[in-house]
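Taking UniProt numbering, the leading residue of the sequence shown gets 1, the next gets one more, and so forth. Ideal Cβ placement from N, Cα and C applies to all residues, glycine included. All remarks here apply to the structure that follows.
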Amino acid sequence: MRAYARFQRADDYPHGMPEPTFTRYVDSFGDTVGRGGVTDNLGPSFARDAGKRRWWSRGERLSGGPGYFKEVFDLFLRTDVRPAVDSIQAPTLLMHRSGDRHVIDGHGRYLADRIPQARLVELDGDDDVWFAGDADRVVDEIESFVTGGRAAAPTNRVLSTVMFTDIVGSTERAESIGDDAWAVELDAHNEIVKKHVLSARGEVVKFTGDGALATFDGPARAINCACAIRDSVQDLGLTVRAGLHTGEVEMVDNDVYGIAVHVAARIMAMAGPGEVFVSGVVPPLVLGSRIAFKSQGTHELRGVRGRWPVLAVV
1 MRAYARFQRA DDYPHGMPEP TFTRYVDSFG DTVGRGGVTD NLGPSFARDA GKRRWWSRGE
61 RLSGGPGYFK EVFDLFLRTD VRPAVDSIQA PTLLMHRSGD RHVIDGHGRY LADRIPQARL
121 VELDGDDDVW FAGDADRVVD EIESFVTGGR AAAPTNRVLS TVMFTDIVGS TERAESIGDD
181 AWAVELDAHN EIVKKHVLSA RGEVVKFTGD GALATFDGPA RAINCACAIR DSVQDLGLTV
241 RAGLHTGEVE MVDNDVYGIA VHVAARIMAM AGPGEVFVSG VVPPLVLGSR IAFKSQGTHE
301 LRGVRGRWPV LAVV
């Protein structure tokens, strides 16, 4: 990653950085070290994450001061290893990100043309350091190069209790109190949802405009959370309904997908104002919790095969 034989431009090396741009480039690192500037330059995707930006900045401060950084950068960026490139006999993997503003693609092509057993792989992204951005892709390429293959991708499916909530009559409520007041009320509703989901060791996946989608690692906590949300939002003059189902979900980025999500959504749609409905899968999982249920019969759920027992929490 970010491989080059020489960083500075020369008459016989047009890929490098010319003077006086090079001197300003080196100075810029020393001027911003420890304050996030290096992160912004070398790891733009980290710079967009406040926690990672702080982590990197702290590492800079522990490593050395501005003077140290300038000397080190100046030393290795002035190094020219072109005379040794032809002597490399080991199989070599070169990786370059297409949006890298520091080490342009000409550096990688120069090395790939001169190292006998080199392979050049271009990756998407604008990060200069390998561990920022799509680091998994970098590791995959290394694994493939070293072993000749890649391990099967690990599954992102987990067993989870999915909860959907919905504000009953939200459109009518918004029309009656006006957009500004509704926005304030909706913010208060969302804060209540987040508070109770966090208390139940769950995670709010997203808000749906007039409701929420959350997941939990335990169905009893999920049910208690749904009931707590229902009771708490009454102080805002709101009525909610909820639907829950336990099953495997596919976790992709910050969202969840799968049949279990659809089942929970369909069951919520069956619930009336102030009701908490669950699928028939849930009651056997909460035996001993003292949560009581009342059967609502079996139903076909749109888009899901078979008939499903549905129960109300009482």
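Separation of residue j from residue i, as counted between CA atoms
i	j	result
G108	Y257	40 Å
N190	F207	8 Å
G243	L287	19 Å
P14	S98	18 Å
R1	R61	Reading off the sequence, residue 1 comes out as Met, not Arg. Roughly 24 Å separates the two Cα atoms.
L42	L94	18 Å
V219	S176	As written in the sequence, residue 219 is Pro, which differs from the Val given in the question. Those two C-alpha atoms are separated by around 36 Å.
S279	G178	36 Å
V240	K294	19 Å
K70	A90	32 Å
R82	G125	27 Å
Y68	R58	15 Å
G16	A10	7 Å
F131	V193	35 Å
E19	Y110	21 Å
D253	V197	20 Å
T32	V38	6 Å
H262	F145	41 Å
V121	H96	6 Å
D113	R157	43 Å
W56	Y4	24 Å
G303	I167	23 Å
W308	A118	58 Å
R6	F22	12 Å
Residue i and residue j closer than 8 Å at C-beta
i	j	result
G202	R230	no
D40	A50	no
A222	A188	no
V281	G306	no
R53	G36	yes
D127	G133	yes
G211	T171	no
V85	I104	no
F277	A228	no
V314	H299	no
V129	L77	no
Enclosing beta strand (DSSP E) for residue i [first to last residue]
i	result
L94	T92 to R97
V252	V240 to V252
L159	R157 to I167
Beta-ladder partner(s) of residue i, from DSSP
i	result
H299	W308
Y13	A10
Y257	E250
E122	H96
V278	L244 and L311
residue 358	Outside the displayed span of the chain (1 to 314) sits residue 358, for which this structure offers no information.
V204	A214
beta-carbon residue i near the ligand COA non-hydrogen atom, thresh 7 Å
i	result
H102	Here there are no bound small molecules, and the ligand COA is not part of this structure.
Endpoints, alpha helix (DSSP H) assigned at residue i
i	result
E71	P66 to L77
A5	Counting along the chain, A5 falls outside any alpha helix (DSSP H), and DSSP gives it neither H nor E.
L62	A50 to S63
F131	Neither: F131 is in no alpha helix (DSSP H) and is coded neither H nor E.
R35	Premise fails: R35 is in no alpha helix (DSSP H) and is neither H nor E.
Q: Give a yes or no on contact between the region 207-217 and the region 160-170, applying the rule of three or more CB pairs nearer than 8 Å.
A: Yes, since at least three Cβ pairs between the region 207-217 and the region 160-170 fall closer than 8 Å, the two stretches touch.
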